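Below: one structure, written as structure tokens.
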Amino acid sequence: MAAAIVSNLDDQFRDRMALSRTAGGPWRAAWTRLRQDRWSLVALAVLAAIVLAGLFGGAIVGRVVGHNGSDPFPYATNADLRPAGPWTHVPTTRAVLVDDYGRLLPPKQGQTTLFVLGADGPLGRDELIRLLDGARTSLEIGLGGVIFALLVALPIGTLAGYFGGVADAVVSRFTETVMAFPLLLFLIFATARVSPSLRGIAFGWVVPKGVFGEALLIGAFTSFYPTRLIRAHLRTLRNAEFVEASHMIGASNHRIMRRHLLPHVASTLLVWGAIAVGTNILLDVGLSFIGVGVPPAAPTWGSLLSTTWGTINAPHPYNGHYFTPWQTIFPTLAILITVISLNQLSEGVRRALEPWAQG
Amino acid sequence: MRRLLAYMGRRLAAGFLTLFGAIALTFLVYWAIPTKPATYVYPDASSITPAQAAHANHLLGLDRPKVVQYVDYLSHLLRGDLGHQWSGTRLIENTQLSQRPVGDVLYPDLRITLSIILGGAVLVLLLAVPFGTFAGSRVGSWSDRTISLVALIGICTHPMVVGLILEGTFGHLRTFRIAGYCPLVPDRGSLCGGLADWSTHLILPWITFALLFLALYTRMIRLSVAETLHEDYVRTARAKGAGESRVLAFHVLPSASLRVLTMIGMEIGTAIGVAIYIEAAFGIRGLGRLSVVAMTGTNDALDLPLILAVVSIVTVIVVVGNLLVDLLYAVLDPRAGRETVRPRTKSLAGGVF
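The listed protein sequences correspond, in order, to chains A and B.
If you read the first sequence in our numbering, its first letter stands for residue 1, the second for the next number, and so on.
If you read the second sequence in our numbering, its first letter stands for residue 360, the second for the next number, and so on.
The following block contains the structure:
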């Protein structure tokens, strides 16, 4: 009898919980607040547009202009291999005409194809399509790095923050020490060693070759930050009254973490993740400049920049004659817009989730 | 004072532990990678016989127990001896080796990179403090937004691109001499040197360095100032009739400076990472370039002593830099000696480079 009453109460409670969640849990309230934040909505729209452009833009533009991002066009560069500028009609021929002295001859009159943002370098590929394809690869690296970092950080951070003790001491000393080091150097070392063996993993062309390995390594080497965030957060929450109350009614550690603590940490991690996607994209730019980034078959915004400026072993010095500003401006602008939008969104999410916090 | 000394003693011990740990880790990683040191001893051999490999290992001291190698390396390191490079080894009469000391390569490179980082850091602080304070005391205004936007542009443009553009532009105008590096204290046989040559050669690398870190520090100081302005003691200072500039200079900035100091300590490593690109952009052969060369070789051509030396030097820089920061922190903030650990934060963009 008593058990039946308790079970009945339990059901009622559960129903009410379900109701309150649909009527306005913390996430819904945050979404309502976010919707009133004009600039964050703009940022969200811009990011959605970038994702869509990355997924479908290259294919659509390719269909419209009639070539794709990996087709080389010899006549998209001049005789000195300087790539054609934006809005150039380029002869479609793949055959190069040279005279008896090996000098480039003008192509026969015929079909031309439009290079909206010009060509990408000596190979004469379409910069616009590579930029759009690069959006996909760069975002995959950014998001993949965040996901891998969280996979490392969640168990370790929880272990240190929730259980404390020796595990906490070890984890916090280790992360503190490692974070002070030039992680870039370690990342270069690891990428140069491990990437070639991870390069083949592409999950049946779901991601381009090399993306998985790079995201994995970036994730591993940036996981210290979320680990410390989770640890710090759980340490303050561990002794909160609602956690004590859950302990008292007999909830297991697992349940407390999943039902009560994870939602709190999730908001912090969401804010971190939005910024980390941007920093991972910048990290990929750096790796491209070192020459250990994603192989050039799949363009990233980083490899577009490094085609123009060379790698650190062979930098292309600035030369007024060959200077092609659009090759720098467009990828940099793409990165800038993405990073600014992610920053704005993360700021908006922070304000929406914790409206009581300052700023 | 005694408390301060005890505190510094603990930090120093922690620093040594970090150094030994980092070197142990490098040794471990290194033994996990199959390398062929014999190819350095017999550069002309088309294939290495087992006897040659064993002989090379004996001459290089690699046949000793691994613990002995580690302790031996540490004891040499504490005397400032970074060991001998494998590349450039010559075999003399099949019984001894002539090797180049790593220090001969490393110390000049280190001097160059430290020149870039220290000069750049001074430039960053000279500019970031006024900009950050200005923006932080007017959060939400147009000037604040402009400064924040320019800061984001600074973060998003890669130092390599900035460096190459600066080099090209100013090289074209012939304003600054841009090629290479001139030592501050000229050696015998160096073509140029002295303060004027040193600074004109380094001004563009400093600007490149500053453009990135200026963005990070301006944002950091801005946030710090904006938060501190809400504190009760700032209100008290205002109530006592202190002018706005006095409040900023004497009440807000000291508290903001503690956070800046913490950030400097955490980002010494980042600065060394950024130096890689700056050196590449300006064709300077410094520590960054050396470490990339050491770390990106193929498995057969990895030079263990060089990598160990790079790791050791970088660790020493990071540890010494953090000790200085700890010391300054303890002097500026009287609570620091009492607390076991000072708060350690790192700018989010610290993950970038």
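Positions of the beta carbon are idealized from the N, C-alpha and C atoms, including for glycine.
Note that the coordinates shown come from a computational prediction; the quantities given were computed from them, not determined experimentally.
In the structure shown, what three-state DSSP assignment does residue i receive?
i         : result
Pro-299/A : coil
Leu-421/B : coil
Leu-450/B : strand
Ser-70/A  : coil
His-517/B : coil
Pro-460/B : strand
Pro-564/B : helix
Gln-344/A : helix
His-610/B : helix
Gln-428/B : helix
His-589/B : coil
Alpha carbon to alpha carbon, how far is residue i from residue j?
i         : j         : result
Thr-236/A : Ala-574/B : 31 Å
Gln-411/B : Leu-570/B : 52 Å
Leu-34/A  : Val-194/A : 42 Å
Pro-91/A  : Val-677/B : 56 Å
Leu-333/A : Ile-340/A : 10 Å
Arg-21/A  : Val-521/B : For Arg-21/A, the predicted model reports a pLDDT of 48, less than 50, meaning its position is unreliable; a value from the coordinates is still stated below. If you take the alpha carbons of Arg-21/A and Val-521/B, they lie about 50 Å apart.
Trp-31/A  : Ala-352/A : 7 Å
Asn-280/A : Ile-451/B : 50 Å
Thr-629/B : Val-292/A : 19 Å
Arg-648/B : His-264/A : 44 Å
Leu-97/A  : Tyr-75/A  : 10 Å
Gly-374/B : Arg-350/A : 36 Å
Asn-416/B : Leu-185/A : 28 Å
Leu-663/B : Trp-445/B : 7 Å
Gly-54/A  : Arg-38/A  : 24 Å
Ile-514/B : Leu-661/B : 33 Å
Pro-355/A : Val-285/A : 35 Å
His-89/A  : Tyr-401/B : 57 Å
Gly-219/A : Leu-143/A : 9 Å
When the cut-off is 8 Å and only beta carbons count, does residue i lie next to chain B?
i         : result
Ile-50/A  : no
Phe-189/A : yes
Met-248/A : no
Leu-154/A : no
Tyr-318/A : yes
Ala-215/A : no
Pro-295/A : no
Trp-39/A  : no
Phe-330/A : no
Thr-177/A : yes
Val-42/A  : no
Arg-82/A  : no
Phe-163/A : no
Ala-192/A : yes
Leu-183/A : yes
Ile-340/A : yes
Ile-129/A : no
If we cut at 8 Å on Cβ distances, does residue i have a partner in chain A?
i         : result
Val-677/B : yes
Gly-513/B : no
Thr-516/B : yes
Ala-494/B : no
Thr-505/B : no
Asn-416/B : no
Ile-524/B : yes
Thr-577/B : no
Ala-737/B : No statement about residue 737/B is possible, as the shown extent of chain B runs from 360 to 712 and does not include it.
Thr-394/B : no
Ile-631/B : yes
Determine the chain B residues that contact residue i at a beta-carbon separation under 8 Å, and present them in chain order.
i         : result
Ile-290/A : Ile-635, Val-651, Thr-655
Gly-121/A : Correct list: empty, because the minimum Cβ distance to chain B is about 15 Å.
Taking C-beta pairs closer than 7 Å, name the residues in chain B that residue i reaches, listed in chain order.
i         : result
Phe-148/A : The contacting residues do not exist; Phe-148/A stays about 13 Å from chain B at best.
Could you confirm whether any beta carbon from chain D is found closer than 8 Å to the beta carbon of residue i?
i         : result
Val-673/B : In the structure shown, chain D does not exist; the protein chains are A and B.
Show which residues of chain A have a CB atom less than 9 Å away from the CB atom of residue i.
i         : result
Gly-527/B : Pro-317, Tyr-318, Asn-319, Gly-320, Phe-323
Asn-681/B : Ala-180
Anything in chain A within Cβ reach of residue i, meaning under 8 Å, just list it in chain order.
i         : result
Val-520/B : Leu-305, Trp-309, Thr-328, Thr-332
Chain B partners of residue i, CB-CB under 9 Å?
i         : result
Ile-312/A : Met-519, Ile-635, Tyr-636, Glu-638, Ala-639, Ala-640, Gly-647, Arg-648, Val-651
Could you name the residues of chain A that residue i contacts, counting a contact when the two beta carbons are closer than 7 Å?
i         : result
Met-625/B : Met-179, Ala-180
Q.
So within the segment 78-163 of chain A, which uninterrupted alpha helix (DSSP H) runs reach at least 4 residues, ignoring any that extend past its ends?
A. 127-158
Q. Taking the runs of the alpha helix (DSSP H) that are 4 residues or longer, which of them lie wholly in the segment 375-410 of chain B?
A. 397-400
**Q.** Sequence ranges, alpha helix (DSSP H) only - wholly within the segment 183-256 of chain A, length at least 4
**A.** 183-198, 211-222, 224-237, 241-248
Q | Segments assigned alpha helix (DSSP H), at least 4 residues, entirely inside the segment 280-330 of chain A | A | 301-309
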